[in-house]
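Chain order of the listed sequences is H and D.
Numbering-wise, the numbering used here puts 32 at position 32 of the first sequence, and it's gapless, one number per residue.
Numbering-wise, the numbering used here puts 94 at position 94 of the second sequence, and it's gapless, one number per residue.
Ideal placement from N, C-alpha and C gives every residue a C-beta, glycine not left out.
Written below as structure tokens is the structure these notes are about.
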Amino acid sequence: IQMTQSPSSMSVSLGDTVTITCRASQDVGIYVNWFQQKPGKSPRRMIYRATNLADGVPSRFSGSGSGSDYSLTISSLESEDVADYHCLQYDEYPLTFGSGTKLEIK
Amino acid sequence: QVQLKESGPGLVQPSQTLSLTCTVSGFSLTSNSVHWVRQPPGKGLEWVGAIWSGGSTDYNSALKSRLSISRDTSKSQVFLKMNSLQTEDTAIYFCTRSGTEIVMDAWGQGASVTVSS
Chain H
1 IQMTQSPSSM SVSLGDTVTI TCRASQDVGI YVNWFQQKPG KSPRRMIYRA TNLADGVPSR
61 FSGSGSGSDY SLTISSLESE DVADYHCLQY DEYPLTFGSG TKLEIK
Chain D
1 QVQLKESGPG LVQPSQTLSL TCTVSGFSLT SNSVHWVRQP PGKGLEWVGA IWSGGSTDYN
61 SALKSRLSIS RDTSKSQVFL KMNSLQTEDT AIYFCTRSGT EIVMDAWGQG ASVTVSS
């Protein structure tokens with residue numbers, strides 16, 4: 001299953017609402033996670049099963065989607081949210097990640 | 001708490017074998033699976049393979065012929081071995097935990113592997 005993630009990079013301002021999308025090449029049945037990765041760090045799970053907030057994740061993060069289309073939204077972007085974001089489908093093996101989205105400050 | 005830590009050589013010569021160890025704590029390998037994920041410099045994440053709670057394994061088909069994942073439950077360790085290494089295998093290698101209804105909720109800090117002569 002291919003996960004097409006867009007955009008690959010995004011120039012944002014603090015306080016913006018940001019949406020990142022992943023489109024799967026087939027229905028992945030809400031089995032999608034979103035990860036945040038800061039430079040030099042390991043990924044952190046933010047959203048699981050498409051819409052569920054992982055422990056300790058601020059409520060400004062949300063996930064939506066079904067079938068083959070999924071999105072991660074960050075409301076009122078804060079400086080600590082500037083990072084790379086990756087989607088993952090785990091409906092079928094091999095597991096596949098999107099190509100990543102890099103958020104940068106304008 | 002749940003912890004994973006990768007260890008292994010930072011430098012491997014081309015055509016040689018990579019051996020990495022993931023040492024876990026705070027959970028049981030007989031109740032959880034451990035996946036390996038790698039990230040080449042400046043690139044995205046790639047699933048490498050997994051060992052399940054029962055001991056069976058799944059591998060990325062692109063790497064399957066060169067890859068072996070095993071474990072020692074008594075030492076809470078998972079091992080990755082990959083042979084015939086090439087420069088394209090240069091990456092940070094992460095181990096990450098999954099369980100029933102849980103996928104990749106905890107990650108190690110990563111082991112940097114450079115393939116170079």
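Residue i and residue j: beta carbons closer than 8 Å?
{"i": "leucine 80 of chain D", "j": "tryptophan 36 of chain D", "result": "yes"}
{"i": "valine 34 of chain D", "j": "valine 24 of chain D", "result": "yes"}
{"i": "methionine 3 of chain H", "j": "cysteine 87 of chain H", "result": "yes"}
Can you tell which of the options has its C-alpha closest to the C-alpha of residue i?
{"i": "lysine 75 of chain D", "options": "D:Ser19, D:Leu18, D:Thr17, D:Leu29", "result": "D:Leu29"}
{"i": "leucine 77 of chain H", "options": "H:Pro58, H:Cys87, H:Ser71", "result": "H:Pro58"}
{"i": "asparagine 32 of chain D", "options": "D:Tyr93, D:Gln109, D:Ser68, D:Thr100", "result": "D:Thr100"}
{"i": "arginine 66 of chain D", "options": "D:Asn60, D:Asp58, D:Asn83, D:Gln16", "result": "D:Asn83"}
{"i": "methionine 104 of chain D", "options": "D:Thr96, D:Gly110, D:Ala111", "result": "D:Thr96"}
{"i": "threonine 73 of chain D", "options": "D:Gly54, D:Ala91, D:Arg38", "result": "D:Gly54"}
Taking just the CA atoms, how far does residue j sit from residue i?
{"i": "glutamine 89 of chain H", "j": "glutamine 3 of chain D", "result": "23 Å"}
{"i": "alanine 50 of chain H", "j": "glycine 26 of chain D", "result": "26 Å"}
{"i": "tryptophan 52 of chain D", "j": "serine 8 of chain H", "result": "33 Å"}
{"i": "glycine 15 of chain H", "j": "threonine 101 of chain H", "result": "18 Å"}
{"i": "serine 6 of chain H", "j": "serine 15 of chain D", "result": "36 Å"}
{"i": "leucine 18 of chain D", "j": "serine 13 of chain H", "result": "43 Å"}
{"i": "glycine 67 of chain H", "j": "alanine 24 of chain H", "result": "8 Å"}
Run down chain H in chain order and give the residues with a C-beta less than 7 Å from the C-beta of residue i.
{"i": "glutamate 118 of chain D", "result": "Nothing about residue 118 of chain D can be reported from this structure: the residues present for chain D run from 1 to 117 only."}
{"i": "tryptophan 107 of chain D", "result": "Ser42, Pro43"}
{"i": "tryptophan 52 of chain D", "result": "Chain H residues near tryptophan 52 of chain D: none, gap ~11 Å exceeds 7 Å."}
Would you mind telling me which residues of chain H sit closer than 8 Å to residue i, beta carbon to beta carbon, in chain order?
{"i": "methionine 82 of chain D", "result": "Ordered by position in chain H, no residue passes the 8 Å Cβ test against methionine 82 of chain D, which lies about 16 Å from the chain."}
Residues in the segment 61-72 of chain D with C-beta within 9 Å of chain H's C-beta atoms, listed in sequence order? Ser61, Ala62
Using Cβ-Cβ distances below 9 Å, what residues of the segment 70-99 of chain H are close to chain D? Asp84, His86, Leu88, Tyr90, Tyr93, Pro94, Leu95, Thr96, Phe97, Gly98, Ser99
Residues in the segment 46-69 of chain H with C-beta within 9 Å of chain D's C-beta atoms, listed in sequence order? Tyr48, Arg49, Ala54, Asp55
Which residues, in order along the segment 13-47 of chain D, keep a beta-carbon less than 9 Å from a beta-carbon of chain H? His35, Val37, Gln39, Lys43, Gly44, Leu45, Glu46, Trp47
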